[in-house]
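Residue numbers (the working numbering), protein chains in the order written: chain G, 106 to 220; chain E, 328 to 439.
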């Protein structure tokens with residue numbers, strides 16, 4: 106199906122474990138983003154990517170690693186999960202625009218609980 | 328720190344009434360966008376307004392932008408129960424490329 110899909114949708118893990126959240130888009134959008142959503146903080150940008158092999162930090166990158174070897178995939182890895190990383194994670198994509206960011210298309214989210 | 332702050336944090340109205348949400352931001356922007364999020368779902372884009380525009384309409388939505396006051400408002404006319412959701416403003420900073428910074432959102436409840 107066309108669109109942007111995230112997996113897993115729900116994940117429970119333990120402190121110290123490595124977790125990878127997957128994101129796949131079928132539009133060939135240049136830009137992809139990872140946000141986390143927490144009560145009282147809205148959405149905060151973790152990492153983003155302008156194209157394959159180009160990634161950059163957002164507002165809250167500590168404890169996260171990303172890669173983008175293919176345009177359509179943008180996995181987010183928590184190398185050693187902490188309780189403070191319990192959150193809902195959203196992946197999004199957009200086309201490049203020289204007028205600045207256009208519409209973001211969001212996945213349905215991955216709810217991560219770190220025990 | 329949040330670039331955009333929505334006001335009010337929560338709003339409860341009756342079906343058929345208008346709902347107004349406000350967004351204030353801190354620094355110069357390229358454009359401002361509004362998104363809706365239904366409970367447990369991803370965000371959906373509603374409307375985009377550029378820094379050189381003052382007002383924009385889309386169906387029952389009306390967005391205004393006042394760059395001198397660094398504020399925007401989203402008006403939903405003739406609200407329906409299906410409009411119950413959280414609404415977020417997001418800004419693209421001048422020189423910020425293609426990154427969006429989101430506010431904390433307004434929770435709208437439309438009661439029958």
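Each residue gets a CB set at the ideal place from its N, CA and C atoms; glycine is no exception. All of these numbers come straight from a predicted model, not from anything done at the bench.
Indicate whether at least one CB of chain G lies closer than 9 Å to the CB of residue i.
i: residue 377/E; result: yes
i: residue 360/E; result: yes
i: residue 425/E; result: yes
i: residue 432/E; result: yes
Out of the options, point me to the one whose CA is closest to residue i's CA.
i: residue 203/G; options: 332/E, 353/E, 342/E, 358/E; result: 358/E
i: residue 174/G; options: 201/G, 119/G, 135/G, 209/G; result: 135/G
i: residue 403/E; options: 428/E, 429/E, 387/E, 353/E; result: 387/E
i: residue 435/E; options: 392/E, 416/E, 337/E, 409/E; result: 337/E
i: residue 180/G; options: 219/G, 201/G, 152/G; result: 152/G
i: residue 351/E; options: 424/E, 415/E, 438/E, 437/E; result: 415/E
i: residue 378/E; options: 408/E, 398/E, 356/E, 384/E; result: 356/E
i: residue 394/E; options: 370/E, 408/E, 376/E, 345/E; result: 376/E
i: residue 220/G; options: 212/G, 213/G, 188/G; result: 188/G
Do residue i and residue j have their C-beta atoms closer together than 9 Å?
i: residue 381/E; j: residue 373/E; result: no
i: residue 142/G; j: residue 192/G; result: yes
i: residue 160/G; j: residue 126/G; result: no
i: residue 165/G; j: residue 150/G; result: yes
i: residue 348/E; j: residue 418/E; result: no
i: residue 400/E; j: residue 343/E; result: no
i: residue 354/E; j: residue 421/E; result: yes
i: residue 206/G; j: residue 137/G; result: no
i: residue 120/G; j: residue 217/G; result: no
Can you check whether the C-beta of residue i is within less than 9 Å of a C-beta belonging to chain E?
i: residue 175/G; result: no
i: residue 199/G; result: yes
i: residue 185/G; result: no
i: residue 136/G; result: yes
i: residue 150/G; result: yes
i: residue 202/G; result: yes
i: residue 112/G; result: no
i: residue 157/G; result: no
i: residue 146/G; result: yes
To the nearest angstrom, how far is the alpha carbon of residue i from that of residue j?
i: residue 366/E; j: residue 413/E; result: 8 Å
i: residue 132/G; j: residue 210/G; result: 10 Å
i: residue 328/E; j: residue 426/E; result: Only weak support is given to the placement of residue 328/E: the predicted model assigns it a pLDDT of 46, under 50, and the value that follows is read from those uncertain coordinates. Rounded to the nearest angstrom, the two C-alpha atoms are 15 Å apart.
i: residue 199/G; j: residue 167/G; result: 24 Å
i: residue 411/E; j: residue 130/G; result: 28 Å
i: residue 122/G; j: residue 195/G; result: 20 Å
For a contact meaning CB atoms closer than 9 Å, what does residue i contact in chain A?
i: residue 195/G; result: You won't find chain A in this structure, because its protein chains are G and E.
Can residue i be considered in contact with the ligand NAD, in the sense that its beta carbon sits closer than 8 Å to one or more heavy atoms?
i: residue 367/E; result: Questions concerning the ligand NAD fall outside what the structure shown contains, since it holds no ligand whatsoever.
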